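Notes follow the structure.
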Amino acid sequence: MTETPADPAPQPAGAGEGDAVGAGGAAADGEGAAGAAESDAGAAGLDLTPRRREDRRGRRPPTARRVISLLVVAAAVGGITFALVRLVTDASLFFLNTDEAVERRDELSGQRFRMQGTPVAHSVTETRVDFEQAVAFSVSFEGVSADVVHVGSPPDLFTPGVPVVLEGRWIEGVPPDLDTFACGVNDGYYFASDHMLVKHDNEYRDTYPDRLDAAGAGGAAEGC
Amino acid sequence: MSFLLGRSPDRSPPRAALTHTGSRTTRILGAGVLVGVVGLGLCAFIFSPPDSRPGPEAGTRIGQFDVVRLMYVHVPAAIWTYVALGTCAAASAVYLWRRSTWWDSLAHACAEIGVVLCAVTLLTGMIWGRPVWGTWWEWGDVRLVTTLVLFLAYAGYLALRSVPAAPEARARRAAILGLGGAVLIPIVNRSVEWWENRTLHQQSTLEELRIEDLTLFTLVLGIFVMGLLVLWLVVHRFRLAWLEAEAESAGLQAALAERRAEAAEPVAAGAGEDGAGEGSAGP
Numbered sequence: 001m002t003e004t005p006a007d008p009a010p011q012p013a014g015a016g017e018g019d020a021v022g023a024g025g026a027a028a029d030g031e032g033a034a035g036a037a038e039s040d041a042g043a044a045g046l047d048l049t050p051r052r053r054e055d056r057r058g059r060r061p062p063t064a065r066r067v068i069s070l071l072v073v074a075a076a077v078g079g080i081t082f083a084l085v086r087l088v089t090d091a092s093l094f095f096l097n098t099d100e101a102v103e104r105r106d107e108l109s110g111q112r113f114r115m116q117g118t119p120v121a122h123s124v125t126e127t128r129v130d131f132e133q134a135v136a137f138s139v140s141f142e143g144v145s146a147d148v149v150h151v152g153s154p155p156d157l158f159t160p161g162v163p164v165v166l167e168g169r170w171i172e173g174v175p176p177d178l179d180t181f182a183c184g185v186n187d188g189y190y191f192a193s194d195h196m197l198v199k200h201d202n203e204y205r206d207t208y209p210d211r212l213d214a215a216g217a218g219g220a221a222e223g224c
Numbered sequence: 001m002s003f004l005l006g007r008s009p010d011r012s013p014p015r016a017a018l019t020h021t022g023s024r025t026t027r028i029l030g031a032g033v034l035v036g037v038v039g040l041g042l043c044a045f046i047f048s049p050p051d052s053r054p055g056p057e058a059g060t061r062i063g064q065f066d067v068v069r070l071m072y073v074h075v076p077a078a079i080w081t082y083v084a085l086g087t088c089a090a091a092s093a094v095y096l097w098r099r100s101t102w103w104d105s106l107a108h109a110c111a112e113i114g115v116v117l118c119a120v121t122l123l124t125g126m127i128w129g130r131p132v133w134g135t136w137w138e139w140g141d142v143r144l145v146t147t148l149v150l151f152l153a154y155a156g157y158l159a160l161r162s163v164p165a166a167p168e169a170r171a172r173r174a175a176i177l178g179l180g181g182a183v184l185i186p187i188v189n190r191s192v193e194w195w196e197n198r199t200l201h202q203q204s205t206l207e208e209l210r211i212e213d214l215t216l217f218t219l220v221l222g223i224f225v226m227g228l229l230v231l232w233l234v235v236h237r238f239r240l241a242w243l244e245a246e247a248e249s250a251g252l253q254a255a256l257a258e259r260r261a262e263a264a265e266p267v268a269a270g271a272g273e274d275g276a277g278e279g280s281a282g283p
C-alpha cells in the first residue's frame with residue numbers, strides 16, 4: 001500500500017478482522033480477498049480500509065452472522081459431547097443375553113443389568129406386584145431360559161416369539177401372588193424387570209409358512 | 001456428472017451459461033421423481049402387505065403390521081444419507097487437492113442434502129420405534145446415538161460454512177471437517193454388526209436378504225426413487241451454491257472496481273469531499 005488512510009471513526013467490531021465489504025454486498029475475510037486486493041492495489045494505489053458499518057447498505061453485519069454461526073457450531077459440539085456421554089453412561093450397564101445372564105447369576109447378584117431373550121410360547125401370565133400391574137413369563141436365548149416378572153405395562157408389540165430387552169436384577173425366591181411360572185424354568189430365581197423394550201428382528205419373510213394352517217386348525221404347539 | 005452439474009472451472013468456466021438452477025435435465029429428472037413418488041406411495045400404502053406372520057402360539061400373529069410401511073422411507077433415507085455425506089467427504093478431499101470451487105460447491109450441496117436425509121432418518125426411526133420398541137429414543141443404543149452424532153457433525157459443518165470468512169479459508173476449513181466427519185459413516189453403518197446382540201436396532205435386512213416379494217420390491221423402489229430425488233436436489237443445490245459463489249465473487253469485483261474508481265478521481269476532489277468519511281486521502 002502506498003497510502004495510509006486516516007479514518008478517525010472507530011472501526012466496527014469485526015472490521016478489524018479484515019471484513020472488506022463492497023458495494024455488491026460481498027464480505028470477504030482479509031486472509032484471502034484483501035490479500036489478493038493488496039497486490040492489485042499496490043500499483044493502483046487503492047484505498048483498502050474496511051468500510052464502516054453504515055456503508056453496508058442494510059446487510060446484516062458479519063459480526064452478528066459470525067456470532068450466530070459460531071453459536072450453532074458450539075451447540076453441535078455440545079450436542080455431540082452430550083450424546084456420547086449418554087451413550088457411554090447407558091451402555092455401561094451390562095447387556096447380557098439370557099444364557100450369559102443365567103451363567104453369571106451369582107456374579108450378578110443384586111446388580112442391575114439388561115437381559116435379552118425371546119418370550120416363550122404359552123408362558124405369559126398377567127399378575128400383580130404390590131398392587132401394580134405385572135406380567136410373568138419366561139424368556140429364552142440359545143436354548144437357555146429364565147423366568148421374568150415385569151412390573152408395568154409391556155409395549156404394544158410384546159408377545160411370545162418377539163425378542164425383548166429387559167432391565168432389572170435377579171431375585172431369589174418366587175414372586176408374590178404367583179406360585180409357579182407357566183411353562184417356566186421354576187428354578188428358584190426370577191428376573192425382576194421394570195423396563196421392557198421390544199427388539200424386533202430383521203425378518204420380513206414368512207419363515208414358517210406351514211404354521212398358519214396348523215395354527216388355524218389348532219394344531220400348533222399348545223403345550224409348553 | 002459434468003453434464004448435470006456444469007463443467008469444472010479448470011476446463012471451461014460456466015459463468016455465462018449458469019443463470020438459474022433449472023434446466024431441461026432437471027425438469028425431466030423432477031418429472032421422474034414425481035412419477036416415482038406416486039408409484040412408491042401406491043406400493044407402500046396400498047399394494048404391499050403389512051408385516052404379519054404366524055406367531056409361536058396358535059392363532060397369534062407377530063410382526064410390525066402397518067408400521068413396516070415407514071421402512072420404505074426410513075431405509076432409503078439412511079442409505080442416501082451415507083451416499084450424500086460420503087460424497088461430501090470425497091469432494092472435500094478433492095477440494096483440498098485441487099482447490100477448485102466446483103468441488104467445494106459439490107461438497108456443500110451434498111452436505112446440506114445429507115443433513116436433511118439424516119434428519120428424516122432419525123425422525124422416521126423415532127416414529128417407528130415408539131410402537132415397535134416401546135420407546136421414542138434409547139440413549140444406550142449405538143446405532144441411534146452414532147446417527148445423531150453424524151447429524152450433529154454435519155449440521156456443525158453447515159454452520160461453520162456460514163461463518164463469514166474469505167471463500168478460500170471457509171472452503172478449506174469446511175473441507176477438513178467434511179473429510180474428518182466421514183469417519184462416522186462406517187461406524188454408523190456397521191454398528192449393528194459390530195455390537196450385534198448388544199443393540200436394540202435390528203441388523204440389516206437387505207444384506208441378509210430376509211425380505212421377499214412385494215415388500216422387497218417396494219423397498220428397492222423406495223431406494224431408487226429416493227436416489228432420483230437426492231440427485232435432483234443435489235443438482236439444484238449445487239447450482240445454487242455455484243451461483244452464490246459467483247455472486248460473492250462479483251461483489252468483490254464490484255468493490256474493487258469501486259475503489260479503483262475512487263482512486264482514479266482527482267486528488268483535490270478526493271481530499272475535499274471524502275477525507276473524513278471514507279478515509280482515502282491521497283498524498
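Chains as they are written, first to last, in this note's numbering: chain A, 1 to 224; chain B, 1 to 283.
All C-beta atoms, glycine included, are put in the ideal place defined by N, C-alpha and C.
Remember, predicted model here, so these are calculated numbers, not experimental data.
{"query": "Near-chain B residues of the stretch 165-177 of chain A - C-beta to any C-beta below 9 Å", "result": "Val165"}
{"query": "Inter-residue spacing [alpha-carbon to alpha-carbon] between alanine 89 (chain B) and glutamate 142 (chain A)", "result": "42 Å"}
{"query": "heavy atom of the ligand MG below 7 Å from valine 67 (chain A) C-beta", "result": "With respect to the ligand MG, the structure shown offers nothing to examine, as it has no ligands at all."}
{"query": "Contacts that aspartate 104 (chain B) makes with chain A (C-beta to C-beta distance below 9 Å)", "result": "Result: empty, since nearest Cβ-Cβ is about 13 Å, beyond 9 Å."}
{"query": "Per-residue contacts from phenylalanine 95 (chain A) into chain B (C-beta, under 7 Å)", "result": "Arg198"}
{"query": "Proximal chain B residues relative to glutamate 227 (chain A), where beta-carbon distance stays under 7 Å", "result": "Since the displayed chain A opens at 1 and closes at 224, residue 227 (chain A) lies outside it and no answer follows."}
{"query": "Of the residues B:Ser23, B:Tyr157, B:Trp97 and B:Val67, the one placed nearest valine 73 (chain A), counting alpha carbons only", "result": "B:Tyr157"}
{"query": "Among A:Leu71, A:Gln133 and A:Leu197, nearest to glycine 168 (chain A) - alpha-carbon criterion", "result": "A:Leu197"}
{"query": "Close beta carbons around alanine 119 (chain B), own chain, < 7 Å, minus the five adjacent residues each side", "result": "Phe151"}
{"query": "Bounding residues of the alpha helix (DSSP H) (the contiguous stretch that carries aspartate 90 (chain A))", "result": "62-91"}
{"query": "When A:Phe158, A:Asp156 and A:Ala136 are compared against valine 148 (chain A), the one with the closest alpha-carbon", "result": "A:Ala136"}
{"query": "Where glutamate 208 (chain B) meets chain A, residues with beta-carbon distance less than 8 Å", "result": "Asn202"}
{"query": "Amino acids of chain B, ordered along the chain, whose beta-carbon sits closer than 7 Å to that of alanine 121 (chain A)", "result": "Pro56 and Glu57"}
{"query": "Cross-strand partners of proline 54 (chain B) (DSSP beta bridge)", "result": "B:Arg61"}
{"query": "Glutamine 64 (chain B), buried or exposed, once every other Cβ within 10 Å from all chains shown has been counted against 16", "result": "buried"}
{"query": "Rounded straight-line distance, which links the Cα of aspartate 90 (chain A) to that of arginine 114 (chain A)", "result": "10 Å"}
{"query": "Same chain only: Cβ atoms within 7 Å of alanine 155 (chain B), ignoring 5 sequence neighbours per side", "result": "Val115"}
{"query": "Candidates A:Ile80, A:Ala83, A:Gln111 and A:Val165, of which the one nearest proline 119 (chain A) by Cα", "result": "A:Val165"}
{"query": "The stretch 176-191 of chain B touching the stretch 132-150 of chain B, judged by at least three CB pairs closer than 8 Å", "result": "yes"}
{"query": "C-alpha distance - valine 132 (chain B) paired with aspartate 66 (chain B), whole-angstrom precision", "result": "11 Å"}
{"query": "For leucine 256 (chain B) and glutamate 265 (chain B), the rounded distance between their alpha carbons", "result": "14 Å"}
{"query": "Pairwise C-alpha distance: serine 92 (chain A) and valine 174 (chain A)", "result": "29 Å"}
{"query": "Beta-ladder partner(s) of alanine 136 (chain A), from DSSP", "result": "A:Thr125 and A:Val149"}
{"query": "6 Å Cβ shell around aspartate 104 (chain B) - same chain, five flanking residues per side excluded", "result": "Tyr95 and Ala171"}
{"query": "Between the CA atoms of glycine 32 (chain B) and histidine 20 (chain B) - distance to the nearest angstrom", "result": "21 Å"}
{"query": "Near-chain A residues of the stretch 213-245 of chain B - C-beta to any C-beta below 7 Å", "result": "Thr215"}
{"query": "CB contact below 8 Å: glutamate 160 (chain B) versus chain A", "result": "The sequence shown places leucine at residue 160 (chain B), not glutamate. For leucine 160 (chain B), the answer is yes, since a Cβ of chain A falls inside 8 Å of its Cβ."}
{"query": "Glutamine 253 (chain B), buried or exposed, once every other Cβ within 10 Å from all chains shown has been counted against 16", "result": "exposed"}
{"query": "Cβ-Cβ distance between phenylalanine 95 (chain A) and arginine 198 (chain B) below 8 Å", "result": "yes"}
{"query": "Contacting residues, own chain, Cβ-Cβ under 6 Å from arginine 143 (chain B) (five flanking each side not counted)", "result": "Ser191, Val192, Thr199 and His201"}
{"query": "Cβ-based contacts, 7 Å cut-off: residues of the stretch 96-108 of chain A near chain B", "result": "Asn97"}
{"query": "Within-8 Å CB hit, glutamate 138 (chain B) to chain A", "result": "yes"}
{"query": "Nearest candidate by alpha-carbon position, reference leucine 188 (chain B), set B:Leu240, B:Cys110, B:Val38 and B:Tyr82", "result": "Note that residue 188 (chain B) is valine in the sequence shown here, rather than leucine. Cα-wise, what sits closest to valine 188 (chain B) is B:Tyr82."}
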